[in-house]
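Below: the structure, in structure tokens.
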Amino acid sequence: MHPVFGPGQDEASQTEFRLLARSAGLRVVDEVLSPRDAPDPKFLVGSGKVDEVRDRMQASGAELVLVNARLSPVQERNLARALECGVLDRTTLILDIFAQRARSHEGKLQVELAQLRHLSTRLVRGWTHLERQRGGIGMRGPGETQLETDRRLLGIRIRQLTSRLAKVQKRREQGRRARKRNDVPLVALVGYTNAGKSTLFNRLTSGEVMARDQLFATLDPTVRRIEDLAGSPVLMSDTVGFIRELPHELVAAFRSTLEETLSASLIVHVIDAADPDRLQQQAVVEEVLDDIGAGELPMLKVFNKVDLTERDAGLERDAAGRITAVWVSAERGDGLEDLATAFHELLAEGRIRRRIHLPLDGQRLRSRLFELGVVRSEQIEADGSSSLDVDLDQRDARRLARMKGNDGQLAEQLLLN
Numbered sequence: 007m008h009p010v011f012g013p014g015q016d017e018a019s020q021t022e023f024r025l026l027a028r029s030a031g032l033r034v035v036d037e038v039l040s041p042r043d044a045p046d047p048k049f050l051v052g053s054g055k056v057d058e059v060r061d062r063m064q065a066s067g068a069e070l071v072l073v074n075a076r077l078s079p080v081q082e083r084n085l086a087r088a089l090e091c092g093v094l095d096r097t098t099l100i101l102d103i104f105a106q107r108a109r110s111h112e113g114k115l116q117v118e119l120a121q122l123r124h125l126s127t128r129l130v131r132g133w134t135h136l137e138r139q140r141g142g143i144g145m146r147g148p149g150e151t152q153l154e155t156d157r158r159l160l161g162i163r164i165r166q167l168t169s170r171l172a173k174v175q176k177r178r179e180q181g182r183r184a185r186k187r188n189d190v191p192l193v194a195l196v197g198y199t200n201a202g203k204s205t206l207f208n209r210l211t212s213g214e215v216m217a218r219d220q221l222f223a224t225l226d227p228t229v230r231r232i233e234d235l236a237g238s239p240v241l242m243s244d245t246v247g248f249i250r251e252l253p254h255e256l257v258a259a260f261r262s263t264l265e266e267t268l269s270a271s272l273i274v275h276v277i278d279a280a281d282p283d284r285l286q287q288q289a290v291v292e293e294v295l296d297d298i299g300a301g302e303l304p305m306l307k308v309f310n311k312v313d314l315t316e317r318d319a320g321l322e323r324d325a326a327g328r329i330t331a332v333w334v335s336a337e338r339g340d341g342l343e344d345l346a347t348a349f350h351e352l353l354a355e356g357r358i359r360r361r362i363h364l365p366l367d368g369q370r371l372r373s374r375l376f377e378l379g380v381v382r383s384e385q386i387e388a389d390g391s392s393s394l395d396v397d398l399d400q401r402d403a404r405r406l407a408r409m410k411g412n413d414g415q416l417a418e419q420l421l422l423n
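Add 6 to a position in the sequence shown, counting from 1, and you land on the number used in the numbering used here.
Set out below in structure tokens:
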């Protein structure tokens, strides 16, 4: 069911929801469009439309109703009672797909955390077992309702998962620092789901990441080393694809995975060149990147699936001659040499490699440089000051310059001037 509020019908949203259903392994037997001026607080759609859906369910033999919107717990309960079948809204459907696709330990933890956070808002349903007061000894106190018990157990499990993910994130951060110490730049592939990121990743790295014509084909981040793409070793990371109206529970749960892009030397935004809705898809990706603090990182736009358009593969440059975009076909391999040229040029830009002298009162700045893993060598002088060979990008230098007090001024003087 596609609720539409206000003027116009978003065909792209309806097509995307249809793909979500198929990606979840469901067979769509009928679709109902429900235009309405404003949402109904009881059913989201009008009662007449609910009756129409029930009649069409009986005629088509459908066993499940999907709603292309986010339902409140009350609306979900009322629809399920009125239609006498299971009802899934957009958020629950996406969570189910993520649960099917997660393979790594971290991915499974993230999905379970997202599901439990979503479920914690659903514990208002009128199940009879939630309305009984039950006394007991031990886990439940006298008079505690089943609903209160469920909420308490959910809270305990959410805290456990949050703690485990914090440890996983700490190990991930250690890996990021190790990569910086090894002076191997990281290129992070991001993009709207089904834009061809995994196909491009496999083409560039000879990897075996699952690539299918479906939404969220891969969830778990994968990092591979490329030896000859940009004239020197490069690490490439394939991240989860984005989608419009991505449930905030997933954004929160997958933040540690998405934050892999924060340590990237270059973000490659893969765009489906053949999709007429690509401008809106670009905006969705850029909004999520801004949300996690990666919006200011160097970015290269790669328009994929050029073989499905009338345009040839190749480079785009601005008036200053700087590469701004590359048009490729990951499926056929067109434009990959141009992409290698773009990596070589862009990864070489913006690096600060110099020897700096830190006075004795600059030890806090010295500690931050070591934390970032940008110190290549150090020599301690007789007076306790330090001479360091550093190699860092402009982004880290600007962050250091924003440190409070004398340390920020010293960083700006030594690194940016």
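Virtual Cβ for every residue (Gly too), placed ideally from N, Cα, C.
Taking a contact to mean a Cβ-Cβ separation below 7 Å, would you say residue 74 touches residue 124 in this structure? no
Sheet register partners of residue 242 (DSSP bridge): 193 and 230
Using only the alpha-carbon positions, how far apart do residue 68 and residue 35 sit? 7 Å
Starting from residue 342, trace the alpha helix (DSSP H) in both directions and tell me its first and last residue. 342–354
Which residues in the same chain have their Cβ closer than 6 Å to the Cβ of residue 336, if we skip the five residues on either side of it in sequence? 202, 205, 206, 209 and 310
Name the DSSP beta bridge partners of residue 42, please? 11
Validate contact between the segment 154–169 and the segment 290–303 using beta carbons, cut 8 Å, 3 pairs: no
So what does residue 248 bridge to, in DSSP terms? 198
At which residue ranges does the segment 65–101 contain complete alpha helix (DSSP H) runs of 4 or more residues, listed in the order of the chain? 79–89
Quick check: the segment 357–374 against the segment 316–330, are at least 3 beta-carbon pairs closer than 8 Å? no
DSSP state of residue 21 mapped onto helix, strand, coil: helix
Just to confirm, is the Cβ distance from residue 425 to residue 240 under 7 Å? Because the chain in this structure spans residues 7 to 423, residue 425 falls outside the shown range and cannot be described.
Per DSSP, which one or two residues make a beta bridge with residue 434? Absent from the structure is residue 434, since the part of the chain shown begins at 7 and ends at 423.
Whose C-alpha, out of 158, 277 and 211, is nearest the C-alpha of residue 231? 211
Option in 76, 159, 57 and 338 with minimal Cα separation from residue 101: 76
With 16 other Cβ atoms within 10 Å as the buried cut-off, status of residue 173: exposed
So does the segment 52–63 actually touch the segment 22–31, counting three or more Cβ pairs closer than 8 Å? no
For residue 298, does the three-state DSSP call read helix, strand or coil? coil
Could you have a look at residue 395 and say whether DSSP puts it in helix, strand or coil? strand
Which residues mark the beginning and the end of the beta strand (DSSP E) in which residue 383 is found? 381–386
Is residue 276 closer than 7 Å to residue 306 when the C-beta atoms are compared? no
Under DSSP, the alpha helix (DSSP H) around residue 209 begins and ends at which residues? 203–211
CA-to-CA distance, residue 377 to residue 175, given in whole angstroms: 16 Å
Is residue 87 buried or exposed, if buried means 16 or more other CB atoms sit within 10 Å of its CB? exposed
Work out the CA separation of residue 10 and residue 407 for me, nearest whole Å. 49 Å
For residue 312, which of helix, strand or coil comes out of DSSP? helix
Neighbourhood of residue 359 by C-beta, 7 Å cutoff - its chain only, sequence neighbours within 5 removed: 397
Cβ separation of residue 103 and residue 50, assumed to be a contact under 8 Å, to the nearest whole Å: Wrong, their Cβ atoms sit about 22 Å apart, outside the cutoff.
One question on the structure: do residue 38 and residue 71 come within less than 7 Å of each other, judged by their Cβ atoms? no
Using only the alpha-carbon positions, how far apart do residue 361 and residue 394 sit? 5 Å
How about residue 271 and residue 353: do their beta carbons lie closer than 7 Å? yes
Terminal residues of the continuous beta strand (DSSP E) containing residue 359? 357–364
Is DSSP giving residue 144 helix, strand or coil here? Low confidence applies here, because residue 144 scores a pLDDT of 44, under 50, leaving its location unreliable; read the following figure in that light. If DSSP states are grouped into helix, strand and coil, residue 144 belongs with coil.
Buried or exposed, going by whether 16 or more other CB atoms sit within 10 Å of the CB of residue 291? buried
How far does the alpha helix (DSSP H) with residue 115 in it extend, from its first residue to its last? 111–126
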